[in-house]
Amino acid sequence: MSARATQLKLEVKKVQELYRKMQADQKALQQQLKEFKTQAGSFSDVVEQILPSIVSVYVMDWDTEQEISSGSGFFVSPDIIVTNYHVIEDIADEDYFYEEDEIEQVLVETNDGKLRLAEVVFTGNAEEDLALLLISDFTFDPETGEQVESPQEHPPLELSFDVKVGDPVIAVGNPLGQFAATLTQGIISAIREPDESEEGDEEDRVAEVKVLQTDAAINPGNSGGPLINMAGQVVGVNVWGLEDADSINLAIASEALDDFLAGFEETFEEDSQN
643 MSARATQLKL
653 EVKKVQELYR
663 KMQADQKALQ
673 QQLKEFKTQA
683 GSFSDVVEQI
693 LPSIVSVYVM
703 DWDTEQEISS
713 GSGFFVSPDI
723 IVTNYHVIED
733 IADEDYFYEE
743 DEIEQVLVET
753 NDGKLRLAEV
763 VFTGNAEEDL
773 ALLLISDFTF
783 DPETGEQVES
793 PQEHPPLELS
803 FDVKVGDPVI
813 AVGNPLGQFA
823 ATLTQGIISA
833 IREPDESEEG
843 DEEDRVAEVK
853 VLQTDAAINP
863 GNSGGPLINM
873 AGQVVGVNVW
883 GLEDADSINL
893 AIASEALDDF
903 LAGFEETFEE
913 DSQN
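According to our numbering, the sequence shown holds residues 643 to 916 in order.
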């Protein structure tokens, strides 16, 4: 699928503000990678390899041009990004496939330092906490605020379903302001099947899908980003860390993401035939 053009234009001041923030974030990320190399050895090479596939997601109020929420995401195909549903829930409905005339858009910062629009195309429910975005072929010009056609395919990350307790992992996300420290290393500390959560548990909202527990810290900066293994494969989608609980951080297992992607493909094919 290819993205559709849009007439949206941002005020030059806002675009320049976002680009300055992006430059500061990139500088913070490079510093963190430098420190990470001394701590994680060859694992840092894996991180550098996958960074081109990871994005920052900014949900905007288009009337005021103010940021509503933000998070991370990553490419699962050359133009499709997965993120958490809770990152975009202020603008998108649950369990919905968006038609061509029902466009909800967000801003996406790609690893090459470009700012693009992306459309919400498919969402899950609160338990799945997943959503798909279709990235556009246009970048914002920091001098004019206008969109300039700049088609680019982005490398998708590979999913892995082979994960065991004790496996080393890293939670990765693009830097986001005060949450610039978004590379955290840990291990898989538990694997929770869908029926293991009890009613009233703090993790009820992912109780219907397989969840990985890790001691790799997950913060708002890497929520929606990938939890990767030593091979640079995605074993989970970072969700959140539990409040008032030390080192309990959760990711939606890649099997659940695979099922979600299959559901999107099926819905898309059915819609194309109608």
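We put the beta carbon where it would ideally sit given N, CA and C, even for glycine.
Helix, strand or coil for residue i per DSSP?
i: Leu899; result: helix
i: Pro836; result: helix
i: Gln794; result: coil
i: Leu671; result: helix
i: Met702; result: strand
i: Val697; result: strand
i: Val851; result: coil
i: Ser802; result: coil
i: Leu660; result: helix
i: Asp783; result: coil
i: Ala773; result: strand
i: Glu677; result: helix
i: Ile745; result: coil
i: Ile692; result: helix
i: Asp687; result: helix
i: Ile913; result: The sequence given here places Asp at residue 913; Ile does not occur at that position. In the structure shown, Asp913 sits in a helix (DSSP, three-state: H, G or I).
i: Ala734; result: coil
Once the 5 residues before and after residue i are set aside, which same chain residues still bring their CB inside 8 angstroms of it?
i: Glu795; result: Pro720, Asp721
i: Ser865; result: Gly713, Ser714, Asn726, His728, Val729, Gly815, Asn880, Val881, Trp882
i: Val750; result: Val697, Ser698, Val699, Tyr700, Gly715, Ile723, Leu757, Arg758, Leu759, Ala760, Leu775, Ile777
i: Val688; result: Ile812, Ile870, Met872, Ala873, Gly874
For residue i, write down the residues that DSSP places opposite it in a beta bridge.
i: Pro810; result: Ile829
i: Ser719; result: Ile722
i: Gly713; result: Val699
i: Glu751; result: Ser698, Leu757
i: Gly878; result: Leu869, Ala895
i: Phe906; result: DSSP lists no partner for Phe906.
i: Phe739; result: Phe764
i: Gln708; result: Asp703
i: Gln789; result: Phe782
i: Thr856; result: Ile830, Asn891
Quick one: using the 10 Å Cβ neighbour count with 16 as the cut-off for buried, is residue i buried or exposed?
i: Lys852; result: buried
i: Ala760; result: buried
i: Ala666; result: exposed
i: Gln918; result: Outside the displayed range of the chain (643 to 916) lies residue 918, so it cannot be described from this structure.
i: Gly755; result: exposed
i: Thr786; result: exposed
i: Phe803; result: exposed
i: Ala773; result: buried
i: Arg662; result: exposed
i: Thr706; result: exposed
i: Gln789; result: buried
i: Pro868; result: buried
i: Val748; result: buried
i: Gln915; result: exposed
i: Val807; result: exposed
i: Ala904; result: exposed
i: Ala858; result: buried
i: Ala898; result: buried
Who are the near neighbours of residue i in its chain, counting only those whose CB is closer than 7 angstroms to its CB and skipping five residues on each side?
i: Asp901; result: none
i: Val848; result: Residue confidence for Val848 is low, a pLDDT of 48 falling below 50, so the modelled location carries little weight and cannot support an answer.
i: Thr765; result: Tyr727, Ala734, Asp735, Glu736, Asp737, Tyr738, Ala773
i: Leu652; result: Glu707, Phe782, Gly787
i: Glu791; result: Asp779, Phe780
i: Gly878; result: Leu854, Leu869, Ala893, Ile894, Ala895, Ser896
i: Asp703; result: Ile710
Can you give me the Cβ contacts of residue i inside the same chain, cut-off strictly under 6 angstroms, excluding the 5 residues immediately before and after it?
i: Pro798; result: Phe717, Val718, Ser719
i: Val763; result: Tyr740, Leu774, Leu776
i: Thr826; result: Ala813, Ala858, Ala859
Distance cutoff 8 angstroms, beta carbons only. Does residue i sit that close to anything in chain B?
i: Ile812; result: Absent from the structure is chain B; it holds one protein chain and no more.
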